[in-house]
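J.: Mind having a look at this structure? Questions to follow.
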Amino acid sequence: MITDGLNPEQTLAVRTTEGPLLVLAGAGSGKTSVLTRRIAYIIGERRVDPWNVLAITFTNKAAREMNERIVKLVGKKAGDIWIGTFHSICVKILRREAERIGYSPTFTILDSDDQMTLIKQSMLDLNYDLKQYEPELIHYKISQMKNELEAADDVAATAKRSLLDQVVASTYRLYQRRLKDSNAFDFDDLIGKTIELFSEHPDVLQQYQEKFRYIHVDEYQDTNRAQYQLVQLLAQRYRNICVVGDADQAIYRWRGADISNILNFERDYPEAQVVKLEQNYRSTETILHAANAVIRHNSQRKEKNLWSGNEKGANIQIFAALDQEDEGFYVAQTIQNHVQNDGKYQDCAVLYRANSQSRAIEEAFLQAAIPYRILGGMTFYDRREIKNLMAYLKVLSNPQDEISLLRIINVPKRSIGDSTVKRLLDYAHEQELTLLQALGHGEKVGLSGRAAQAVLEFHRLLEQLADMQEGLTVTEFVSLVLQRTGLRDLYLHHPKEEERNRADNLDEFLTVTRSFDRRHPNRRVSDFLAEVSLLSDIDKGSDQEEAKVQMMTLHASKGLEFDVVFIVGFEEGIFPHQRSMFDSEGIEEERNLCYVGITRARKQLFITYCTERTIYGQMQINDPSRFLLEIPEDLTDRHVSNSMYDTNWSIGDRVQHPKWGIGVILDIRKQEEESVLQIQFQSKIGCQDVLPGKIRLKRVDA
DNA sequence: GTTATAGGTCTTTTT
DNA sequence: GACCTATAAC
Numbered sequence: 001m002i003t004d005g006l007n008p009e010q011t012l013a014v015r016t017t018e019g020p021l022l023v024l025a026g027a028g029s030g031k032t033s034v035l036t037r038r039i040a041y042i043i044g045e046r047r048v049d050p051w052n053v054l055a056i057t058f059t060n061k062a063a064r065e066m067n068e069r070i071v072k073l074v075g076k077k078a079g080d081i082w083i084g085t086f087h088s089i090c091v092k093i094l095r096r097e098a099e100r101i102g103y104s105p106t107f108t109i110l111d112s113d114d115q116m117t118l119i120k121q122s123m124l125d126l127n128y129d130l131k132q133y134e135p136e137l138i139h140y141k142i143s144q145m146k147n148e149l150e151a152a153d154d155v156a157a158t159a160k161r162s163l164l165d166q167v168v169a170s171t172y173r174l175y176q177r178r179l180k181d182s183n184a185f186d187f188d189d190l191i192g193k194t195i196e197l198f199s200e201h202p203d204v205l206q207q208y209q210e211k212f213r214y215i216h217v218d219e220y221q222d223t224n225r226a227q228y229q230l231v232q233l234l235a236q237r238y239r240n241i242c243v244v245g246d247a248d249q250a251i252y253r254w255r256g257a258d259i260s261n262i263l264n265f266e267r268d269y270p271e272a273q274v275v276k277l278e279q280n281y282r283s284t285e286t287i288l289h290a291a292n293a294v295i296r297h298n299s300q301r302k303e304k305n306l307w308s309g310n311e312k313g314a315n316i317q318i319f320a321a322l323d324q325e326d327e328g329f330y331v332a333q334t335i336q337n338h339v340q341n342d343g344k345y346q347d348c349a350v351l352y353r354a355n356s357q358s359r360a361i362e363e364a365f366l367q368a369a370i371p372y373r374i375l376g377g378m379t380f381y382d383r384r385e386i387k388n389l390m391a392y393l394k395v396l397s398n399p400q401d402e403i404s405l406l407r408i409i410n411v412p413k414r415s416i417g418d419s420t421v422k423r424l425l426d427y428a429h430e431q432e433l434t435l436l437q438a439l440g441h442g443e444k445v446g447l448s449g450r451a452a453q454a455v456l457e458f459h460r461l462l463e464q465l466a467d468m469q470e471g472l473t474v475t476e477f478v479s480l481v482l483q484r485t486g487l488r489d490l491y492l493h494h495p496k497e498e499e500r501n502r503a504d505n506l507d508e509f510l511t512v513t514r515s516f517d518r519r520h521p522n523r524r525v526s527d528f529l530a531e532v533s534l535l536s537d538i539d540k541g542s543d544q545e546e547a548k549v550q551m552m553t554l555h556a557s558k559g560l561e562f563d564v565v566f567i568v569g570f571e572e573g574i575f576p577h578q579r580s581m582f583d584s585e586g587i588e589e590e591r592n593l594c595y596v597g598i599t600r601a602r603k604q605l606f607i608t609y610c611t612e613r614t615i616y617g618q619m620q621i622n623d624p625s626r627f628l629l630e631i632p633e634d635l636t637d638r639h640v641s642n643s644m645y646d647t648n649w650s651i652g653d654r655v656q657h658p659k660w661g662i663g664v665i666l667d668i669r670k671q672e673e674e675s676v677l678q679i680q681f682q683s684k685i686g687c688q689d690v691l692p693g694k695i696r697l698k699r700v701d702a
């Protein structure tokens, strides 16, 4: 039976397939299990065609896992279910229907860098001072408007308020026109333009309403207005809509998520049934008790009490470190203990509020030789060489893509400098040509001989590559591009080793394309690009279970679970973050984040904070986080770091150096009023002189 | 048109 | 303390 092993509420949620259903699922209450079984039940028991089922997940990884689990229950036909993120589902729809709203199906998707570039460009063309108006802010505002489904033109009409609003409005309009001219969408457009498609073409909407008779949305508390609208449109006809969420885990208000979407579900669908999943199967009673105690401090919430049949488990360990290095050292040591007691590296996760906090932990891990993996921050796809390669591919699959063309027009160096580019752009805009077309008219642009020659050659190269695309797999085509453009040679023969390593990354990229080719034979480069553009931080990790400690932001940890969890930087100003501390809503969302973090842990939770911390190279003293006071004392064991900074050194002392790790003082001598310590380190750095006045050393007990 | 250096500026979270 | 950007020399 599909419902075997489920509790009564879970079973009810699985079996309630007709009509609207709201599942309020606390952390660790088995909602993924409920969702997968529900879909399996709809297909297996209710005999619904898989083609009629839609499931929207928060990450691609979650989609993949859900799909695998459904395949296990109902077999291969599960392949016809549409499972994906809002963004990937919309891409799929837009690829089929793009022409209806004036785009070509080979459209490209801008990554956040490209978006910023285009915003800046638009602002400069409007003669705005980038110092006076931060492009980041403008971008943020435009994104917010798109999430609220406000079109560029509506905005321009109503923007008589502040100067800033006018800047936003006109930048938005120009930016949007440029996107259109480039046959490109930004992330927000993927949702917004799909809605536009549906509202302008009722027949298309109807077709998808007929198709998606059973709709599921996970993490509903984090949907924004546009996503809400999209779901409303699709669900209108059959009203078989199942949303799953937990208002206590709403952590994306800053990117437009609107918690009232879940709070008002029963108003939107008065006939809705509601199922509450309150039994937690994941964490020990201690961890769950702590999580409940913290979240209770939020005022804006529906009362809910998670309970657990699990054992009490170990106390929560609270550690007051001296500074970030000490904190990292503690985490590293604790993990080593765990591993020595037959624990595994991959059971452990380190969670932090901001990506920048990962560095201190990383350094401690390197010293202690602990294998780790960082999710998010700078990833493979953010590397310059990868972005360059992707830009080539984007231009080749979407000839209108000006942003990408500008990126690679002179990479590798081919003597097409800024002034040449400017002339080409002016010419293109005057003649209403794309930049790529303008390249072909090199001689008419009025360029100097050398520049014209270079431009023409580049144009020919791109044309040749575009012609050769036919019939090749993505992998074959990418290797061809790497070779013909000279991109690989650029890195392969570079004098600096660092640059030569980039060639390896390009080869690594071919591994990615091979996997794509295997999964989707005969798909085009533009499909590959879309897949890559929509990967989230969680998706980007490798699939195989590696024996590595996982490091990530608290945001990225949502939906995951680990035996042992460390939350570091538990300090006022860090967590809750400085910029969220202005209003109670901000604080409450930070508290949700704290709740998410705590409930990631199955067996053991460690919380650390620093008494001093260096930010910008400036020393700063933070109070411990207010959330710490909200965890009941009797659930915790508190420790204070016993290492300390010292000035009275003697031979034989064991010390810890911030970079080189543990060592022993061999000798002390005076040199120009300063003492110099000769230290034998355990690490491969060996014996080194250290100035304790410059480098802060910590005393470590033997 | 290309490259090197110095100064100014920033760090929340992400599809 | 790191990263990008404006400026000047090649």
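Heads up, the first sequence is in UniProt numbering, so the first residue is 1 and it goes up one at a time. The C-beta atom is built at its ideal place from N, Cα and C for all residues, glycine as well. Treat the numbers as computed from the prediction; the structure is a model and nothing was measured.
1) Would residue 704 pass as a contact of S625 if the rule is Cβ separation under 8 Å?
2) Please list, in chain order, all residues of the same chain as A27 whose beta carbon is under 6 Å from its beta carbon, the five residues on each side excluded.
3) Excluding the 5 residues preceding and the 5 following V168 in the sequence, name in chain order all residues of the same chain whose CB lies nearer than 6 Å to its CB.
4) Grab me the residues of V664's own chain with a C-beta within less than 8 Å of its C-beta, minus the 5 sequence neighbours each way, in chain order.
5) Taking only runs of the beta strand (DSSP E) that begin and end inside the stretch 197-251, which ones reach a length of at least 3 residues, in chain order?
6) Smallest Cα separation from S533: which of H87, P8, L322 and R15?
7) Which partner residues of H577 appear in the DSSP bridge assignment?
8) Kindly list the residues whose CB is nearer than 6 Å to the CB of T379, restricted to its own chain and excluding five residues on each side of it in sequence; keep chain order.
9) Return yes when at least one heavy atom of the ligand ZN lies under 7 Å from the C-beta of E65, else no.
10) Taking C-beta to C-beta, are T3 and T11 nearer than 8 Å?
11) Rank Y330, E430, V48 and I241 by C-alpha distance to the C-alpha of V74 and give the top, closest one.
12) To the nearest angstrom, how far is it from the Cα of residue 703 to the Cα of V549?
13) Alpha carbon to alpha carbon, how far is M552 from V331?
14) Whose C-alpha, out of R450, L635, L487 and S356, is nearest the C-alpha of V568?
15) Indicate whether R547 and P399 have their beta-carbon atoms separated by less than 8 Å.
16) Below 8 Å on the Cβ atoms is my contact criterion, and I expect Y214 with V53 to pass it. Report the Cβ-Cβ distance as a whole number of Å.
17) Thinking C-alpha only, which one of K413, R414, L435 and P412 is nearest R423?
18) Round the Cβ separation of T511 and F528 to the nearest angstrom and send it over; I've been treating them as touching at under 8 Å.
19) For N622, tell me which candidate among K193, N60, G309 and P576 has the shortest Cα-Cα distance.
20) Alpha helix (DSSP H) containing G442: first to last residue?
21) To the nearest angstrom, how far is the alpha carbon of E457 from that of E432?
22) Using the C-alpha atoms, what's the distance from K444 back to R64?
23) In the DSSP assignment, find the alpha helix (DSSP H) that holds G44 and state where it starts and stops.
24) Check for me: the alpha helix (DSSP H) holding H520 runs from which residue to which?
25) Kindly confirm or deny that the stretch 396-411 and the stretch 519-528 touch, where touching means at least three C-beta pairs closer than 8 Å.
26) Which same chain residues end up closer than 7 Å to H297 when comparing Cβ atoms and leaving out the 5 residues on each side of it in sequence?
27) Is it buried or exposed, C687, if we count other Cβ atoms within 10 angstroms and call 16 or more buried?
28) Whose CA, out of G245, Y175 and L593, lies closest to the CA of V275?
29) Do L190 and V91 have their beta-carbon atoms positioned less than 8 Å apart in this structure?
30) I'd like the span of the beta strand (DSSP E) that includes V549, first residue to last.
31) Taking the alpha-carbon positions, what's the H520 to I615 distance?
32) With DSSP as the reference, label Q618 as helix, strand or coil.
33) Is L277 closer than 8 Å to G30 when the C-beta atoms are compared?
34) Please identify the residue among F477, F365, D248 and I403 whose C-alpha is closest to the C-alpha of E585.
35) Who are the near neighbours of G440 in its chain, counting only those whose CB is closer than 7 Å to its CB and skipping five residues on each side?
36) Just to check my reading of the structure: R484 and L461 have Cβ atoms closer than 8 Å, yes? What is that Cβ distance to the nearest angstrom?
T.: In short:
1) For residue 704 there is no data in the structure shown, the boundaries of the chain being 1 and 702.
2) Working through the first sequence from its first residue, we reach residue 27 at position 27. Only T599 meet the Cβ criterion.
3) Along the first sequence, read from residue 1 onward, the residue named residue 168 stands at position 168. Within the same chain, V168 has close Cβ partners I138 and K141.
4) Taking the first residue of the first sequence as position 1, residue 664 is located at position 664. Taken in chain order, the residues that qualify are G652, D653, R654, V655, I679 and Q680.
5) 214-217 and 241-245
6) Taking the first residue of the first sequence as position 1, residue 533 is located at position 533. Residue H87 is the option with its Cα nearest to S533.
7) Here residue 577 refers to the residue found at position 577 when the first sequence is read from its first residue. DSSP lists G573 as partners of H577.
8) For the purposes of this step, residue 379 is taken as the residue at position 379 of the first sequence. So the qualifying residues of the chain are K540.
9) The ligand ZN is not among the ligands present in this structure, which contains no ligands whatsoever.
10) Sequence index remark: in the first sequence, residue 3 carries index 3 (1-based). Sequence index remark: in the first sequence, residue 11 carries index 11 (1-based). Yes.
11) For the purposes of this step, residue 74 is taken as residue 74 along the first sequence, with counting starting at 1. Ranking Y330, E430, V48 and I241 by Cα distance to V74 puts V48 first.
12) In this structure the chain extends from 1 to 702, so residue 703 is not present and cannot be described.
13) Taking the first residue of the first sequence as 1, we reach residue 552 at position 552. Taking the first residue of the first sequence as 1, we reach residue 331 at position 331. M552 and V331: Cα-Cα distance of roughly 14 Å.
14) For the purposes of this step, residue 568 is taken as residue 568 along the first sequence, with counting starting at 1. The candidate whose alpha carbon is nearest that of V568 is S356.
15) Indexing the first sequence from 1 puts residue 547 at position 547. Indexing the first sequence from 1 puts residue 399 at position 399. Strictly speaking, residue 547 in this sequence is Ala, with Arg absent from that position. No.
16) As a position in the first sequence, residue 214 is number 214, starting the count at 1. As a position in the first sequence, residue 53 is number 53, starting the count at 1. Rounded, the Cβ-Cβ distance is 5 Å, consistent with contact.
17) In the first sequence, counting from the first residue as 1, residue 423 sits at position 423. Considering only alpha carbons, the answer is L435.
18) Stepping through the first sequence from its first residue, residue 511 is reached at position 511. Stepping through the first sequence from its first residue, residue 528 is reached at position 528. Actually they are not in contact, since the Cβ atoms of T511 and F528 sit about 13 Å apart, beyond 8 Å.
19) Indexing the first sequence from 1 puts residue 622 at position 622. Comparing Cα positions, the closest option is P576.
20) To locate residue 442, count along the first sequence from 1; it is residue 442. Element bounds for G442: n/a, residue is neither H nor E.
21) Position 457 of the first sequence, counting from 1, holds the residue named residue 457. Position 432 of the first sequence, counting from 1, holds the residue named residue 432. Using only the alpha carbons, I get a separation of about 22 Å.
22) Here the question's residue 64 lines up with position 64 in the first sequence. Here the question's residue 444 lines up with position 444 in the first sequence. When rounded, the distance between both Cα atoms is 52 Å.
23) Mapped onto the first sequence, residue 44 falls at position 44. Its alpha helix (DSSP H) spans residues K31 to G44.
24) The sequence position of residue 520 within the first sequence is 520, counting from 1. H520 -> no alpha helix (DSSP H), and no H or E assigned at all.
25) yes
26) In the first sequence, counting from the first residue as 1, residue 297 sits at position 297. Within the same chain, H297 has close Cβ partners R591 and E630.
27) Residue 687 sits at position 687 when you count from the first residue of the first sequence. Exposed.
28) Walking along the first sequence from the start, residue 275 turns up at place 275. That would be G245, whose Cα lies nearest to the Cα of V275.
29) One-based indexing of the first sequence puts residue 91 at position 91. One-based indexing of the first sequence puts residue 190 at position 190. A contact, by the Cβ cut-off of 8 Å.
30) Locating residue 549 in the first sequence gives position 549, counting from the first residue. V549 -> beta strand (DSSP E) spans V549 to T553.
31) In the first sequence, residue 520 corresponds to position 520, counting from 1. In the first sequence, residue 615 corresponds to position 615, counting from 1. Spanning the two alpha carbons is a distance of roughly 47 Å.
32) Here the question's residue 618 lines up with position 618 in the first sequence. Three-state result, Q618: strand.
33) Residue mapping note: residue 30 aligns to position 30 of the first sequence, counting from 1. Residue mapping note: residue 277 aligns to position 277 of the first sequence, counting from 1. Yes, the pair counts as a contact, with Cβ atoms nearer than the cut-off.
34) Here residue 585 refers to the residue found at position 585 when the first sequence is read from its first residue. The shortest C-alpha separation from E585 is found at D248.
35) On the first sequence, position 440 is the one that residue 440 refers to. If we look at G440 and ignore the five residues flanking it on each side, its Cβ neighbours are H459.
36) Locating residue 484 in the first sequence gives position 484, where the first residue counts as 1. Locating residue 461 in the first sequence gives position 461, where the first residue counts as 1. Confirmed, about 7 Å.
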